[in-house]
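> Going by numbering that gives the first Met the number 0, the first residue of the sequence shown is number 0, and it counts up by one from there. The beta-carbon is built from N, C-alpha and C at its ideal position, and this holds for glycine as well. Shown below is the structure under consideration.
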Amino acid sequence: MVIAGRPNVGKSTLVNRIVGRRAAVVEERPGVTRDRKELDAEWCGHPFTVVDTGGWLLSDDPLDAQVTAQAERAIAEADVVLLVVDVTVGVIDEDMAVARLLKRSGRPVRVVVNKVDSSQREADAWDAMALGLGDPWPISALHGRGTGDLLDDVVRLLPEPAPADGDADQALTGDGAHDTLADSTVPRVALVGRPNVGKSTLFNRLVGDERSVTHDAPGTTRDSVDTVVETPEGTVCFIDTAGMRRKSRTERGRSTSRCCGRSTRSTGPTSPC
Numbered sequence: 000m001v002i003a004g005r006p007n008v009g010k011s012t013l014v015n016r017i018v019g020r021r022a023a024v025v026e027e028r029p030g031v032t033r034d035r036k037e038l039d040a041e042w043c044g045h046p047f048t049v050v051d052t053g054g055w056l057l058s059d060d061p062l063d064a065q066v067t068a069q070a071e072r073a074i075a076e077a078d079v080v081l082l083v084v085d086v087t088v089g090v091i092d093e094d095m096a097v098a099r100l101l102k103r104s105g106r107p108v109r110v111v112v113n114k115v116d117s118s119q120r121e122a123d124a125w126d127a128m129a130l131g132l133g134d135p136w137p138i139s140a141l142h143g144r145g146t147g148d149l150l151d152d153v154v155r156l157l158p159e160p161a162p163a164d165g166d167a168d169q170a171l172t173g174d175g176a177h178d179t180l181a182d183s184t185v186p187r188v189a190l191v192g193r194p195n196v197g198k199s200t201l202f203n204r205l206v207g208d209e210r211s212v213t214h215d216a217p218g219t220t221r222d223s224v225d226t227v228v229e230t231p232e233g234t235v236c237f238i239d240t241a242g243m244r245r246k247s248r249t250e251r252g253r254s255t256s257r258c259c260g261r262s263t264r265s266t267g268p269t270s271p272c
């Protein structure tokens, strides 16, 4: 199941609600999610994979284009797509553009109208009928309102899990990797370092796929991405991570700084320099 839509409609909040934990980074500003993030979930005894995607945009910006391409790849591989829109904004041109893409994809789609925090907002959710993808599902991902009924419908659309065939030699990437990710015996290799040193580029090279968005700007990766691959020496899980930054060495009411060529310490609002 893929969660799709334009930026800042609450896709990652819905992902966290579905998996039952804060697995995806959530902030109020748009564009926080950029890479595809695949997570295991379960509802009423039905296990499935939920894929968080970055905001889909028609843009000439190279970074936005990469994020959109990642979302489109996830949609192409999806069994079900949830198109999330924001009831407080209404249906806008970007929502219509995503809807047209989903119609061409041929995938089963459910329109999810997020931020319907009370019954007074439910009437506004019907504006999403303009997307031409069926009746909308009004929910509040933040508070959980309506998400249970939505998942009841979604699991009916999902295919039955394929039985394990015991083939240990099968390459494991993407959706096929999740059972292996849960295996504590699989070695995990995390790529860490400061921003803009090429961690995501190395990650993509190691897994043999463009799984992480890469860009010259520092801070492009904002969430961890796990991918399991088969090597001649065995199975390995590679983890792309966000850039590490040193925390500011400050204390409340007391800070250290350099001033006039020497180290000074101040305990009040004024500076000795």
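Beta-carbon separation of valine 80 and arginine 103 under 8 Å?
The residue labelled residue 80 in the question sits at position 81 within the sequence shown. The residue labelled residue 103 in the question sits at position 104 within the sequence shown. It is not a contact, given that the beta carbons lie outside the stated cut-off.
> To which residues of the same chain is valine 90 closer than 8 Å at the C-beta, ignoring the five residues directly before and after it?
On the sequence shown, residue 90 is found 91 positions in, with the first residue counted as 1. Counting only Cβ-Cβ distances below 8 Å, and skipping sequence neighbours, we find Val84, Asp126, Ala127, Ala129 and Leu130.
> Kindly indicate the opening and closing residues of the alpha helix (DSSP H) around isoleucine 17.
Taking the first residue of the sequence shown as 1, we reach residue 17 at position 18. First-last of the alpha helix (DSSP H) with isoleucine 17: 10 to 18.
> Can you grab the Cα-Cα spacing for the pair threonine 230 / leucine 132, in whole Å?
In the sequence shown, the residue the question calls residue 230 occupies position 231. In the sequence shown, the residue the question calls residue 132 occupies position 133. Roughly 42 Å separates the two Cα atoms.
> Nearest CA to the CA of valine 235: which residue from Thr184, Ala122 and Arg204?
For the purposes of this step, residue 235 is identified with residue 236 of the sequence shown, where counting begins at 1. Looking at the Cα atoms, Thr184 is the closest of the given residues.
> Contact defined as beta carbons within less than 8 Å: I believe leucine 57 pairs with glycine 4. What is the distance between those atoms, to the nearest angstrom?
Mapped onto the sequence shown, residue 57 falls at position 58. Mapped onto the sequence shown, residue 4 falls at position 5. Wrong, their Cβ atoms sit about 13 Å apart, outside the cutoff.
> Identify which residue in Val188, Gly53, Thr87 and Arg21 has its Cα closest to the Cα of aspartate 39.
Looking up residue 39 in the sequence shown gives position 40. Of the candidates Val188, Gly53, Thr87 and Arg21, the one whose C-alpha sits nearest the C-alpha of aspartate 39 is Arg21.
> If the criterion is Cβ atoms closer than 8 Å, does the pair alanine 124 and valine 112 meet it?
Start at 1 with the first residue of the sequence shown, and residue 124 comes out as number 125. Start at 1 with the first residue of the sequence shown, and residue 112 comes out as number 113. Yes; because the gap between Cβ atoms is below 8 Å, this pair is in contact.
> How far does the alpha helix (DSSP H) with glutamate 93 in it extend, from its first residue to its last?
Taking the first residue of the sequence shown as 1, we reach residue 93 at position 94. Per DSSP, glutamate 93 belongs to the alpha helix (DSSP H) from 92 to 104.
> Using the Cα positions of leucine 141 and alanine 73, report the straight-line distance between them to the nearest angstrom.
Counted from its first residue, the sequence shown places residue 141 at position 142. Counted from its first residue, the sequence shown places residue 73 at position 74. Roughly 24 Å between the two C-alpha positions.
> With DSSP as the reference, label leucine 81 as helix, strand or coil.
Locating residue 81 in the sequence shown gives position 82, counting from the first residue. Leucine 81: strand per DSSP, three-state reduction.
> With DSSP collapsed to three states, give me the class of tryptophan 42.
As a first step, residue 42 must be located in the sequence shown, where it is residue number 43. Reduced to three states, the DSSP call for tryptophan 42 is strand.
> Pull up the DSSP beta-bridge partners for asparagine 235, would you.
Here the question's residue 235 lines up with position 236 in the sequence shown. Note that residue 235 is valine in the sequence shown here, rather than asparagine. Valine 235 pairs with Val228.
> So for serine 270, helix, strand or coil by DSSP?
Looking up residue 270 in the sequence shown gives position 271. Its pLDDT being 41, under 50, serine 270 is placed unreliably by the model, and the measurement read from it follows with that caveat. DSSP places serine 270 in coil when its eight states are reduced to three.
> DSSP on threonine 219, reduced to helix/strand/coil?
For the purposes of this step, residue 219 is taken as residue 220 along the sequence shown, with counting starting at 1. Summary for threonine 219: the model assigns pLDDT 46, below 50, so the residue's position carries little reliability; its value from the coordinates is reported in the next sentence. Reduced to three states, the DSSP call for threonine 219 is coil.
> Valine 191: buried (16+ other C-beta within 10 angstroms of its C-beta) or exposed?
The residue given as residue 191 occupies position 192 in the sequence shown. Result: exposed.
> Classify alanine 122 as buried or exposed, calling it buried when 16 or more other Cβ atoms lie within 10 Å of its own Cβ.
Counted from its first residue, the sequence shown places residue 122 at position 123. Classification for alanine 122: exposed.
> Cα-Cα, which of Ser199, Pro46 and Gly145 is closest to valine 110?
In the sequence shown, residue 110 corresponds to position 111, counting from 1. Residue Gly145 is the option with its Cα nearest to valine 110.
> Grouping DSSP H, G and I as helix and E and B as strand, with all else coil, what is valine 153?
As a first step, residue 153 must be located in the sequence shown, where it is residue number 154. Valine 153 falls in the helix class under three-state DSSP.
> Going straight from the alpha carbon of arginine 28 to that of threonine 12, what length do you get?
Indexing the sequence shown from 1 puts residue 28 at position 29. Indexing the sequence shown from 1 puts residue 12 at position 13. At arginine 28, the pLDDT of 45 sits below 50, so the modelled position is not reliable; the number obtained from the coordinates is stated separately. Computed Cα separation, rounded: 13 Å.
> Does DSSP put threonine 87 in a helix, in a strand, or in coil?
The count along the sequence shown starts at 1 and reaches residue 87 at position 88. If DSSP states are grouped into helix, strand and coil, threonine 87 belongs with coil.
> From the DSSP output, which residues share a beta bridge with leucine 190?
Numbered from its first residue, the sequence shown carries residue 190 at position 191. Bridge partners of leucine 190: Asp239.
> Over what stretch of residues does the beta strand (DSSP E) that includes alanine 127 continue unbroken?
For the purposes of this step, residue 127 is taken as residue 128 along the sequence shown, with counting starting at 1. Premise fails: alanine 127 is in no beta strand (DSSP E) and is neither H nor E.
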